[in-house]
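Chemist: Protein chains in written order, with our numbering: chain A, 65 to 190; chain B, 31 to 391.
Beta carbons are placed, not taken as given, at the ideal position from N, Cα and C, and that holds for glycine.
1) Can you look up residue 94 (chain A) in the DSSP assignment and give me helix, strand or coil?
2) What residue from B:96, B:144, B:129, B:109 has the CA that sits closest to residue 52 (chain B)'s CA?
3) Can you have a look at residue 102 (chain A) and say buried or exposed, based on whether 16 or more other CB atoms are within 10 angstroms of its CB?
4) Quick check: the Cα distance between residue 45 (chain B) and residue 66 (chain B), rounded to an integer number of angstroms?
5) Nearest to residue 18 (chain B) by CA position, among B:236, B:148, B:162, is which residue?
6) Ends of the alpha helix (DSSP H) at residue 304 (chain B)?
7) Examine the ligand COA and report whether any of its heavy atoms sits within less than 7 Å of the Cβ of residue 178 (chain B).
8) Should residue 157 (chain A) be flagged as near chain B, meaning a C-beta pair shorter than 8 Å?
9) Considering just the uninterrupted stretch of the beta strand (DSSP E) at residue 328 (chain B), what are its terminal residues?
10) So is residue 318 (chain B) in contact with chain A if we call contact Cβ pairs under 8 Å?
11) Give me the Cα-Cα distance between residue 49 (chain B) and residue 173 (chain A), rounded to the nearest whole angstrom.
12) Taking Cβ-Cβ distances below 7 Å as the criterion, which residues of the region 124-148 of chain A are in contact with chain B?
13) Report back the beta-carbon spacing between residue 121 (chain B) and residue 296 (chain B) to the nearest angstrom; my notes put them in contact at under 8 Å.
14) Distance, Cα to Cα, residue 318 (chain B) vs residue 86 (chain B)?
15) With a threshold of 6 Å on Cβ separation, who are the neighbours of residue 190 (chain B) within its own chain once the five nearest residues in sequence on each side are excluded?
16) Is the CB of residue 104 (chain A) under 8 Å away from at least one CB in chain B?
17) Taking the runs of the alpha helix (DSSP H) that are 4 residues or longer, which of them lie wholly in the region 106-182 of chain B?
18) Have a look at the DSSP bridge pairing and note the partners of residue 104 (chain B).
19) Among residues of its own chain, excluding the 5 on either side of residue 384 (chain B), which ones have a beta-carbon nearer than 6 Å to its beta-carbon?
20) Give me the residue from B:91, B:40, B:106 with the minimum Cα distance to residue 79 (chain B).
21) How many angstroms separate the CA atom of residue 175 (chain A) from the CA atom of residue 351 (chain B)?
22) Excluding the five sequence neighbours on either side, which residues of its own chain have a C-beta within less than 7 Å of the C-beta of residue 119 (chain B), listed in chain order?
23) Contact between the region 341-349 of chain B and the region 245-263 of chain B: three or more CB pairs below 8 Å?
24) Which whole runs of the alpha helix (DSSP H) in the region 172-244 of chain B are 4 residues long or more, in chain order?
25) What does residue 378 (chain B) pair with, by DSSP beta-bridge criteria?
26) Could you name the residues of chain B that residue 100 (chain A) contacts, counting a contact when the two beta carbons are closer than 7 Å?
27) Should residue 56 (chain B) go down as buried or exposed, given a rule of 16 or more other Cβ atoms within 10 Å for buried?
28) Give me the chain B residues within the contact set of residue 122 (chain A), using Cβ-Cβ distance strictly less than 8 Å, ordered along the chain.
29) Tell me, please, which residues DSSP counts as bridged to residue 56 (chain B).
30) Please tell me whether residue 345 (chain B) has its Cβ less than 8 Å away from any Cβ of chain A.
31) Just to make sure I have the definition right: I need the residues of chain A whose C-beta is within less than 9 Å of the C-beta of residue 255 (chain B). Which are they?
32) For residue 137 (chain B), count the other beta carbons within 10 Å of its own beta carbon; 16 or more makes it buried, fewer makes it exposed. Which is it?
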């Protein structure tokens, strides 16, 4: 499985890509494998400001539903509209075409609490 | 946790395993959609050895089965099977099952794994004539080989004429060199195919021969997850979801296997339901708004009033739609009626449709 070094990770199996004060968020390769074929990514939180660990959406596989937890406090600026027609992108390319939301985060200190790829790999026993 | 005789094979294939009805079962191997499509378009093999099998034989066998099940066993010819259910005394269903007529006075009942003990005790309770019964579940392996290419894969392995076998008929014969294997033209997928019952000691050999024979037909091992999506596309009930100890066969749309040509448990009440009508009924529905219905989600009228509960739901791989089943008041049961499914905090529009959802091409 692939866990790029330039990303940060959460215990809820999300990845975060920091670009200035903007962050892109998706789910990890491990998460997409565990979920199986993803058929719907439901993100009703665009435009909202949420605290970290709050639910910002739901990912639905054929047989299971999982909540998505916001890794950083801040405002959800937009979502990946491509997932509406092609939710399977999360399985095929979780760190690229399968990204889920773009956000502006409000507390840079929270970034330091996110895991590195090494720490995340240790968490899932890789 | 119990295991089936194929457990090692599943693990070698890298299956995702989980507990189901007390057994360690393969849920998926390569992905639900791929396995689902493999069964619809080619051929897939399910290990369903967790299912229970009871032999009922001798004089009185017919009477006993007639008494505990709703379908009419007397119409079965030898080598013919039927779908049926066992009603309880309180208006619900003990289990749904298949009844195979093996011989003049010999029958095999195939029951759900989760209900093996409950069913055994229930039937024994009604076995006042002391009919000979044997639980062969632990020594019986069962593979469901399902899909349009099942016949071409299995025919070279047996002397039974599979091509001529009619739906819900079966035969015993030699299969992979093993005598006395029972093969029936049955299944839970709507994709055609066979179910094969044999002694667990031949399990690995038979599995390997089936996969050798199927190599050129695109055969794949397929798990319980796609078994559920396949059966739901057909609108087949799953015990524990769509039917249980509290649902009546009439409400569950099982009137077609409920025959009042004979006496059976709770017959008078069920007959009255059939005659007078029921107040709620199981329906199939498809989502109009984007969302996926799941077991236990509430069904509402759109004004916030709960009218029922989803019993099964999924994104349907062959339909590219989200579908479900659930019980609603009779006035909401007509095809085309709009209902709403409560998904998280939203009321999503859905429409009652006729089942099966999937129609074979």
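Modeler: According to the structure shown:
1) By 1-based counting over the first chain, the position of residue 94 (chain A) is 30. Residue state, collapsed to three classes: helix.
2) On the second chain, residue 52 (chain B) is found 22 positions in, with the first residue counted as 1. Shortest Cα-Cα distance from residue 52 (chain B) to any of B:96, B:144, B:129, B:109 involves B:144.
3) One-based indexing of the first chain puts residue 102 (chain A) at position 38. Here residue 102 (chain A) is buried. Its C-beta has 16 or more other C-beta atoms within 10 Å.
4) As a first step, residue 45 (chain B) is located in the second chain; it is residue number 15 there, counting from the start. As a first step, residue 66 (chain B) is located in the second chain; it is residue number 36 there, counting from the start. Answer to the nearest angstrom: the Cα atoms are 15 Å apart.
5) One cannot answer for residue 18 (chain B) here, as it falls past the ends of chain B, which runs 31 to 391.
6) Position 274 of the second chain, counting from 1, holds the residue named residue 304 (chain B). First-last of the alpha helix (DSSP H) with residue 304 (chain B): 297-306.
7) With respect to small molecules bound, the structure shown includes none, and the ligand COA cannot be examined in it.
8) The residue you call residue 157 (chain A) lines up with position 93 of the first chain. No, because no Cβ of chain B sits closer than 8 Å to the Cβ of residue 157 (chain A).
9) As a position in the second chain, residue 328 (chain B) is number 298, starting the count at 1. Element bounds for residue 328 (chain B): 328-330.
10) One-based indexing of the second chain puts residue 318 (chain B) at position 288. So, not an interface residue.
11) Here the question's residue 49 (chain B) lines up with position 19 in the second chain. Here the question's residue 173 (chain A) lines up with position 109 in the first chain. Straight-line Cα distance between these residues: approximately 42 Å.
12) If the cut-off is 7 Å between Cβ atoms, the region 124-148 of chain A has 124, 126, 127, 129 near chain B.
13) In the second chain, residue 121 (chain B) corresponds to position 91, counting from 1. In the second chain, residue 296 (chain B) corresponds to position 266, counting from 1. Contact between residue 121 (chain B) and residue 296 (chain B) holds, since their C-beta atoms are separated by about 7 Å, short of 8 Å.
14) Locating residue 318 (chain B) in the second chain gives position 288, counting from the first residue. Locating residue 86 (chain B) in the second chain gives position 56, counting from the first residue. Going by the C-alpha atoms only, they are around 48 Å apart.
15) Within the second chain, the letter at position 160 stands for residue 190 (chain B). Contacts found: 201, 203, 213.
16) Mapped onto the first chain, residue 104 (chain A) falls at position 40. Closer than 8 Å to some Cβ of chain B, the Cβ of residue 104 (chain A) qualifies, so yes.
17) Scanning the region 106-182 of chain B for uninterrupted alpha helix (DSSP H) segments of 4 residues or longer gives 146-156, listed from N- to C-terminal end.
18) Reading the second chain from its first residue, position 74 is the one you call residue 104 (chain B). Residue 104 (chain B) is bridged by DSSP to nothing; it lacks a bridge partner.
19) By 1-based counting over the second chain, the position of residue 384 (chain B) is 354. Cβ neighbours of residue 384 (chain B) beyond the five flanking positions: 365.
20) On the second chain, position 49 is the one that residue 79 (chain B) refers to. Residue B:40 is the option with its Cα nearest to residue 79 (chain B).
21) Against the first chain, residue 175 (chain A) aligns to sequence position 111. Against the second chain, residue 351 (chain B) aligns to sequence position 321. So the alpha carbons of these two residues sit roughly 39 Å apart.
22) Working through the second chain from its first residue, we reach residue 119 (chain B) at position 89. The answer, listed in chain order, is 295, 296.
23) The region 341-349 of chain B, when compared against the region 245-263 of chain B, does touch it at the 8 Å Cβ threshold.
24) Fully enclosed alpha helix (DSSP H) runs of 4 or longer: 180-184, 233-244.
25) Here the question's residue 378 (chain B) lines up with position 348 in the second chain. For residue 378 (chain B), which the question treats as bridged, DSSP gives the partners B:371.
26) Here residue 100 (chain A) refers to the residue found at position 36 when the first chain is read from its first residue. Those within 7 Å of residue 100 (chain A) in chain B are 58, 61, 62.
27) On the second chain, residue 56 (chain B) is found 26 positions in, with the first residue counted as 1. By the 16-neighbour rule on beta-carbons within 10 angstroms, residue 56 (chain B) is buried.
28) Within the first chain, the letter at position 58 stands for residue 122 (chain A). Result: 374.
29) Here residue 56 (chain B) corresponds to residue number 26 of the second chain, with the count starting at 1. Answer is B:47, bridged to residue 56 (chain B).
30) Locating residue 345 (chain B) in the second chain gives position 315, where the first residue counts as 1. Closer than 8 Å: yes.
31) Residue mapping note: residue 255 (chain B) aligns to position 225 of the second chain, counting from 1. Here the neighbours are 100, 126, 127.
32) Locating residue 137 (chain B) in the second chain gives position 107, where the first residue counts as 1. Residue burial is scored here from C-beta neighbours: residue 137 (chain B) has at least 16 other C-beta atoms within 10 angstroms and is therefore classed as buried.
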